[in-house]
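Colleague: Following the numbering used here, the numbering of the sequence shown begins with 195 at its first residue and continues without gaps.
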Amino acid sequence: MEQGIPAPAGAGISRTAPAAPAVPAPREVRRASVRGQVLDALRTALVTGELRPGGLYSAPALGERLGVSATPVREAMQQLTLEGAVEVVPNRGFRVVERDAREAAELAEVRALVEVPVLLRLAGTVPAGRWAGLRPLAEATVRAASSGGPAAYAEADRAFHGAVLALSGNDQLVRVAADLHRRAQWPPPGARARTARAGLIADAAEHGALLDALIARDSATVRALVDAHFAAPG
């Protein structure tokens, strides 16, 4: 009888305990952790413009800058390729996609088509207390806009919009909207419009105004705010 398989009752062979579930090797866990950290670092560099649109970067060179091997950089770059932020240049590395104003406008239009109808529906169904519970996230975007820089603001902005859409209870919607949102945040088609502190502060202030309108169930103001929000640069 194979070791580790319990013997039938009365077989005269002592029963052995079931094998414990397999645990991933520490090396695999560390590798996934490093890959995730590299991906976060590259995403930040994209939002801030440190990785400039049109720039060509090799995995070994980026790995040296980040203090890691080329392997997790390549893996992270493959993910960014799927997200539309970079493109593979055979035998040379990865080029940061240059996004023009038209593409940025198209992304904003698609985001509006996805999010606006949901917000208008939620405006009439979600209790005021649920909207009020999102106030800390809106305030976090204001703090990030004031002192955290474009990368911190981008993260806080995604967190706020994700929490708003999560009230729909539609996980697929949240995932699709999050992907569109991230694509809209990099590479910046107009770096000044996106990273100027005054612009970020104005963008963040709209989150609080949106919550006020949602709490009041003022659909007309909700529509006007979200239309303006998506129409703004970045």
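Note that CB positions come from ideal geometry on N, CA and C, so glycine has one too.
(1) In whole angstroms, what is the alpha-carbon distance linking PRO321 and SER341?
(2) From the DSSP output, in three-state form, read off LEU250 for me.
(3) Which of helix, strand or coil does DSSP assign to GLY287?
(4) Among VAL232, VAL241, GLY249, ALA317, which one has its Cα closest to the Cα of ARG259?
(5) Considering only residues of the same chain and omitting the five flanking positions on each side of PHE424, which have a CB-CB separation below 7 Å?
(6) I believe LEU256 touches VAL267 by the beta-carbon criterion, under 8 Å. Please report the beta-carbon distance rounded to the nearest angstrom.
(7) In whole angstroms, what separates the C-alpha of ALA410 from that of SER227?
(8) Please list the segments of the beta strand (DSSP E) lying wholly inside the stretch 340 to 424, counting only runs of 3 or more residues, in order along the chain.
(9) Rounded to whole angstroms, what is the Cα-Cα separation between VAL312 and THR319?
(10) Determine the closest residue to ALA378 out of GLY343, ALA298, GLY402, with distance taken between C-alpha atoms.
(11) Beta-carbon separation of GLY248 and GLU281 under 8 Å?
(12) Is it the case that the Cβ atoms of GLU309 and LEU361 are separated by a distance below 8 Å?
(13) For the alpha helix (DSSP H) holding PRO330, just list the boundary residues, first then last.
(14) According to DSSP, TYR282 sits in a beta bridge with which residue or residues?
(15) Could you pull out every residue in the same chain whose Cβ sits closer than 6 Å to the Cβ of ARG289, ignoring the five residues on either side in sequence?
(16) Assess, as a yes-or-no matter, whether the stretch 364 to 377 is touched by the stretch 388 to 403 under the definition of 3 or more beta carbon pairs within less than 8 Å.
(17) If I measure Cβ to Cβ from VAL416 and keep anything under 8 Å in the same chain, skipping five residues before and after, which residues do I get?
(18) Look at the alpha carbon of ALA371 and the alpha carbon of GLY356, and state the distance between them as a whole number of angstroms.
(19) For ALA346 versus LEU331, is the C-beta spacing smaller than 8 Å?
(20) Taking all protein chains shown into account, decide if ALA334 is buried (16 or more other Cβ within 10 angstroms of its Cβ) or exposed.
Modeller: With the given structure in hand:
(1) In the sequence shown, residue 321 corresponds to position 127, counting from 1. In the sequence shown, residue 341 corresponds to position 147, counting from 1. Cα-Cα distance, rounded: 32 Å.
(2) Within the sequence shown, the letter at position 56 stands for residue 250. LEU250: strand per DSSP, three-state reduction.
(3) In the sequence shown, the residue the question calls residue 287 occupies position 93. The answer is strand: DSSP assigns GLY287 an E or B state.
(4) Working through the sequence shown from its first residue, we reach residue 259 at position 65. Residue VAL232 holds the alpha-carbon nearest to the alpha-carbon of ARG259 among VAL232, VAL241, GLY249, ALA317.
(5) On the sequence shown, residue 424 is found 230 positions in, with the first residue counted as 1. So the list reads ALA302, ARG305, ALA306, once near-sequence residues are dropped.
(6) What you label residue 256 is simply residue 62 of the sequence shown in a count that begins at 1. What you label residue 267 is simply residue 73 of the sequence shown in a count that begins at 1. Right, their Cβ atoms sit about 5 Å apart.
(7) Working through the sequence shown from its first residue, we reach residue 410 at position 216. Working through the sequence shown from its first residue, we reach residue 227 at position 33. Take the alpha-carbon of ALA410 and the one of SER227: they are about 43 Å apart.
(8) Counting whole runs of 3 or more residues, the stretch 340 to 424 contains no beta strand (DSSP E) stretch at all.
(9) Against the sequence shown, residue 312 aligns to sequence position 118. Against the sequence shown, residue 319 aligns to sequence position 125. When rounded, the distance between both Cα atoms is 11 Å.
(10) Residue 378 sits at position 184 when you count from the first residue of the sequence shown. Distances from the alpha-carbon of ALA378 to those of GLY343, ALA298, GLY402 put ALA298 closest.
(11) Against the sequence shown, residue 248 aligns to sequence position 54. Against the sequence shown, residue 281 aligns to sequence position 87. In terms of Cβ geometry, GLY248 and GLU281 do not form a close pair [threshold 8 Å].
(12) If you number the sequence shown from 1, residue 309 lands on position 115. If you number the sequence shown from 1, residue 361 lands on position 167. Contact flag unset, no.
(13) As a working note, residue 330 is residue 136 in the sequence shown. Taken as a continuous stretch (DSSP letters only), the alpha helix (DSSP H) holding PRO330 covers 329 to 337.
(14) Residue numbering aside, residue 282 sits at position 88 when the sequence shown is read from its first letter. The sequence as given places Val at residue 282; Tyr does not occur at that position. Under DSSP, the beta-bridge partners assigned to VAL282 are PHE288.
(15) In the sequence shown, residue 289 corresponds to position 95, counting from 1. Sequence-distant Cβ neighbours of ARG289 in its own chain, meaning closer than 6 Å and more than five residues away, are LEU250, GLU281, VAL283.
(16) No: fewer than three Cβ pairs fall under 8 Å.
(17) Sequence index remark: in the sequence shown, residue 416 carries index 222 (1-based). Cβ within range, chain order: LEU313, LEU314, ALA317, LEU404, ALA407, LEU408.
(18) On the sequence shown, position 177 is the one that residue 371 refers to. On the sequence shown, position 162 is the one that residue 356 refers to. C-alpha separation (whole angstroms): 8 Å.
(19) Along the sequence shown, one-based indexing puts residue 346 at 152. Along the sequence shown, one-based indexing puts residue 331 at 137. No, Cβ-Cβ distance for ALA346 and LEU331 is not below 8 Å.
(20) Here residue 334 is taken as the residue at index 140 of the sequence shown, counted from 1. Label assigned to ALA334: buried.
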